[in-house]
Amino acid sequence: MTTAPAPAPLSPARRWLLLVTVSAGVLLITLDNTILYTALPTLTAELGANASESLWIINAYPLVMCGVLLGAGTLGDRYGHRRLFLTGLVLFGAASLVAAFAPEVAVLIAARALLAVGAACMMPATLALIRIGFDDVRERNLAIGVWGSISLVGAALGPIIGGLLLEAFWWGSVFLINVPVVLAALVLTPWVAPRGRADRSTRWDALSSVYAMVTLTGAVFAIKQATGPEPSWPVLGLAAAVALAGGWAFTHRQRVLQDRLGAPVLDFAVFRNRAFSAGVLAAACSMFVIGGVQLVTTQRFQLVEGFTPLQSGLLVAAVAVGSLPAALAGGASLHRLGLRALVAGGFALATVGMVVTALAATTSVPWLVAGLVLTGAGLGATMSVASTAIIGNVPARQAGMASSVEEVSYEFGNLLAVALLGSLATLIYTVTVQLPAGAPEGAADSMSGAAALAEGDPALLAAAGAAYDTAFVWVLVIVTAVIAAAAVGTGRLLRHYGPGTPASAYEANH
727 MTTAPAPAPL
737 SPARRWLLLV
747 TVSAGVLLIT
757 LDNTILYTAL
767 PTLTAELGAN
777 ASESLWIINA
787 YPLVMCGVLL
797 GAGTLGDRYG
807 HRRLFLTGLV
817 LFGAASLVAA
827 FAPEVAVLIA
837 ARALLAVGAA
847 CMMPATLALI
857 RIGFDDVRER
867 NLAIGVWGSI
877 SLVGAALGPI
887 IGGLLLEAFW
897 WGSVFLINVP
907 VVLAALVLTP
917 WVAPRGRADR
927 STRWDALSSV
937 YAMVTLTGAV
947 FAIKQATGPE
957 PSWPVLGLAA
967 AVALAGGWAF
977 THRQRVLQDR
987 LGAPVLDFAV
997 FRNRAFSAGV
1007 LAAACSMFVI
1017 GGVQLVTTQR
1027 FQLVEGFTPL
1037 QSGLLVAAVA
1047 VGSLPAALAG
1057 GASLHRLGLR
1067 ALVAGGFALA
1077 TVGMVVTALA
1087 ATTSVPWLVA
1097 GLVLTGAGLG
1107 ATMSVASTAI
1117 IGNVPARQAG
1127 MASSVEEVSY
1137 EFGNLLAVAL
1147 LGSLATLIYT
1157 VTVQLPAGAP
1167 EGAADSMSGA
1177 AALAEGDPAL
1187 LAAAGAAYDT
1197 AFVWVLVIVT
1207 AVIAAAAVGT
1217 GRLLRHYGPG
1227 TPASAYEANH
C-alpha cells in the first residue's frame, strides 16, 4: 500500500477559499435538482414530452447520482478527493453543454444522466475536502453548516433562476449557466484544495454501483406503476422483484467485500452509531420535503393560477428565506444546543410550518408564504447539522464513504419526492377530475395536458384546476405527516445528544 504524505495545514485564507470553491460545486449540483421545476412546462411543450417523459427528465438526475455516489466516494478515498472533484467538474460542464442543445427528449435524459455522474464525483469530494481541510472542530462545524445552507439555498433558488432565465432566454439556458461556474472552480481548485492521502488499498467496485442502480430503477418503476391511474400489475410485480433482487445483491456484495478485503463500498456497521443514522434520516427527509413541496407548488401556481415561471420560482423561494439564517445559526451553535435540539427540534418547527402551508394552500398566498418560510427555518436548522452528524462520526479514512452516504440520503429523498409525490399528484388528479362534456381526449391524463388542450375554455380549466388543487392539498398533507414522523424518529435516535454532548464520536475521543 502506498500513501501520500500527510498534507500541510491550510492557512485560514485558503481554508475559507476552499469552502467557497467546493460550495460553488454544491450550488451547481443542488440547482440542477430543482431548476427544471419552473422550466418543466416550457420544456414539455418545446420537446413534445409526455407526462412520463417529463418525470424521467427530472428523475434521471437523482436516480443515476444515487447509483454512482457510493462508488464515487470510494474512488475519492483511493485516488484523492481533489482529483475526483476536478473530474466531476469536467463531466458536469460537458454534460451541461449537451443538455443545453439537446434536440429531443432522449438526448436530454441521457445528458441529465451524464450530469448526474459528474455530480456524483463532485459531491462526496466537497464534504470530504472540508473534513480534511478544516482541522479545528468548531471551524469545521461552521464550514459544514455553510455547506448545508448552500445545499438548501441551491435547491430553493433553482426554481427562481430557472424562471429568470426563461423570461429572457430559451430553455437550454438553465443548463448553460453551469459552464462559467465550472470554469471558475476548475481554475481555483488546484490552488486551494488539499491533496489529502490517497489510499491505494481502497478499491472501487463497479458491481456495487450496478446493483444500487438496479435497485433504485426498479423501485422508481414500481412507484410509478403503483401510483398510476391504470397500473399494470405484471409490470409492477416485475419492477418490485427487480428492486428486491438488486437490494439483496447489493447487500450480499458488501458482505463479500467485507469478508475478502475488509473494505466494502458501504460499511453497514456505521449505522450502529445513532447520530450517524439520525443524520442520514434527517438528510433524506429534508430533501423529500423540499423536493416535493417545490415540485407541486411551482406546477400548481403555473398551471392553475397562471403564474409565470419566475413568479412561481419566487414563491417557493420562501423556503430559502427561512432556511439560510437558520442553517448558519445551527452550525455555529451546535456545540451549545446539541444535535437533538437542532435536528428533531428543526423537524418539529417544520411540521408547524407545513400545517400552515397545507391550510393556506389554495386560499391565501401570504399565509402560504409564511408557512413555507417557517418550514424552511426548521429544515435549515436540521440540515445545518445533519452533515456534521454523518461525517463527524466516522474516521477520516472513511470520509469519502460517509460523504457518499450523506449525499445518497439527500438524492434519495429528492428522487423519492419526485417519483412518489409527482406520480401521486397525477393519480389524484385523474381520479377526481370531472371534465365538462366534450372535453378533448387527454385532458383527464394530467393538469399540464388539460392546460395545453383547453385553448381558453374556462369550464375545462376550472374543472381541471379544482382536481389539481385537491391533489396539491393531499400531497402537502402527506409531506406534513412525513416531517412529523421524522421529528419523532430523530428525537428518539438522538435522545442522548443534548446540550453539551459532543455531536461526534471522534470529537469526543480526539
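So the sequence shown is residues 727 to 1236, counted in the working numbering.
Note that the Cβ used here is the ideal one computed from N, Cα and C, for glycine as well.
Segment contact, 8 Å Cβ cut-off, at least three pairs: the segment 899-919 with the segment 1054-1063: Taking a contact to require three or more Cβ pairs closer than 8 Å, the segment 899-919 and the segment 1054-1063 do not qualify as touching.
Report the residue from P788, F818, M1013 and C1011 whose alpha carbon sits nearest the alpha carbon of G844. F818
Using three-state DSSP, classify A1033 as helix, strand or coil. Residue identity differs from the one stated: residue 1033 is Phe in this sequence, not Ala. In the three-state DSSP reduction, F1033 falls in the coil class, being neither helix nor strand.
Straight-line Cα distance separating L795 from A969: 18 Å
Taking all protein chains shown into account, decide if W897 is buried (16 or more other Cβ within 10 angstroms of its Cβ) or exposed. buried
For G806, tell me which candidate among D1183, M1127, T1206 and P1184 has the shortest Cα-Cα distance. M1127
Scan the segment 823-881 and note each continuous alpha helix (DSSP H) run of 4 residues or more that stays entirely inside, going in chain order. Listed in chain order, the alpha helix (DSSP H) runs fully inside the segment 823-881 are 831-859, counting runs of at least 4 residues.
Tell me whether I903 sits in a helix, a strand or coil according to DSSP, three-state version. coil
Quick check on the DSSP output: the alpha helix (DSSP H) that includes W1093 runs from which residue to which? V1091 to I1117
Could you compute how far the alpha carbon of Q1028 sits from the alpha carbon of T1034? 6 Å
Which word fits Q1160, buried or exposed, when buried means at least 16 other C-beta atoms lie within 10 angstroms of its C-beta? exposed
Report back the beta-carbon spacing between V1069 and T1108 to the nearest angstrom; my notes put them in contact at under 8 Å. 5 Å
With distances taken between CB atoms, is the gap from C847 to E1137 smaller than 8 Å? no
Would you kindly work out how many angstroms separate the C-alpha atoms of F997 and H1222, rounded to a whole number? 16 Å
Any idea what DSSP makes of V1006, helix, strand or coil? helix
Could you tell me whether the segment 871-881 touches the segment 1049-1056, using the rule of 3 or more Cβ pairs below 8 Å? yes
Taking 8 Å as the threshold, find out whether the segment 764-773 comes into contact with the segment 884-893 through three or more Cβ pairs. yes
Below 8 Å on the Cβ atoms is my contact criterion, and I expect L1141 with L789 to pass it. Report the Cβ-Cβ distance as a whole number of Å. 6 Å
Which runs of the alpha helix (DSSP H) fall wholly inside the segment 1037-1087 and span at least 4 residues, in chain order? Counting only runs of 4 or more, we get 1044-1063 and 1065-1085.
State the Cα-Cα distance for the pair E893 and L1036, rounded to the nearest angstrom. 7 Å
What number of angstroms, rounded off, separates the C-alpha of T977 from the C-alpha of T1088? 44 Å
Mind the definition here: the segment 1110-1119 touches the segment 1079-1098 only if three or more C-beta pairs lie below 8 Å; say whether that holds. no
Would you tell me roughly how many angstroms separate the C-alpha atoms of T943 and A739, rounded to the nearest one? 43 Å
Identify, in the order they occur along the chain, each residue of the same chain with its Cβ nearer than 7 Å to the Cβ of A1263, setting aside the five sequence neighbours on each side. Outside the displayed span of the chain (727 to 1236) sits residue 1263, for which this structure offers no information.
Mapping the DSSP letters down to three states, classify N759 as helix, strand or coil. helix
From the DSSP output, in three-state form, read off L1142 for me. In the three-state reduction of the DSSP assignment, L1142 falls in the helix class, which pools H, G and I.
By Cβ distance below 6 Å, which residues in the same chain neighbour G814 in space, the five residues on each side in sequence not counted? Take G814, set aside five residues on each side of it, and the residues of its chain with a beta-carbon closer than 6 Å to its own are G844, C847 and M848, in chain order.
Considering only C-alpha positions, which residue in the set E1133, P1162 and T1196 is nearest to A798? E1133
Residues in its own chain within less than 6 Å of W742 by CB, not counting five upstream and five downstream? none
Can you give me the start and stop residues for the alpha helix (DSSP H) that S958 sits inside? Premise fails: S958 is in no alpha helix (DSSP H) and is neither H nor E.
Just to confirm, are N1119 and F1002 a CB contact at a threshold of 8 Å? yes
Is the Cβ-Cβ distance between L744 and G859 less than 8 Å? Between L744 and G859, the gap from beta carbon to beta carbon is short of 8 Å.
Using only CA atoms, which one of A1212, L1202, L841 and P990 lies nearest to L933? P990
Taking its Cβ as the centre, do 16 or more other Cβ atoms sit within 10 Å of F901, making it buried, or is it exposed? Around the beta carbon of F901, 16 or more other beta carbons sit within 10 angstroms, so the residue counts as buried.
Quick check: what's the CA-CA separation for V1019 versus L773? 25 Å
Would R1000 and T915 qualify as a contact pair, given that the criterion is a beta-carbon distance under 8 Å? no
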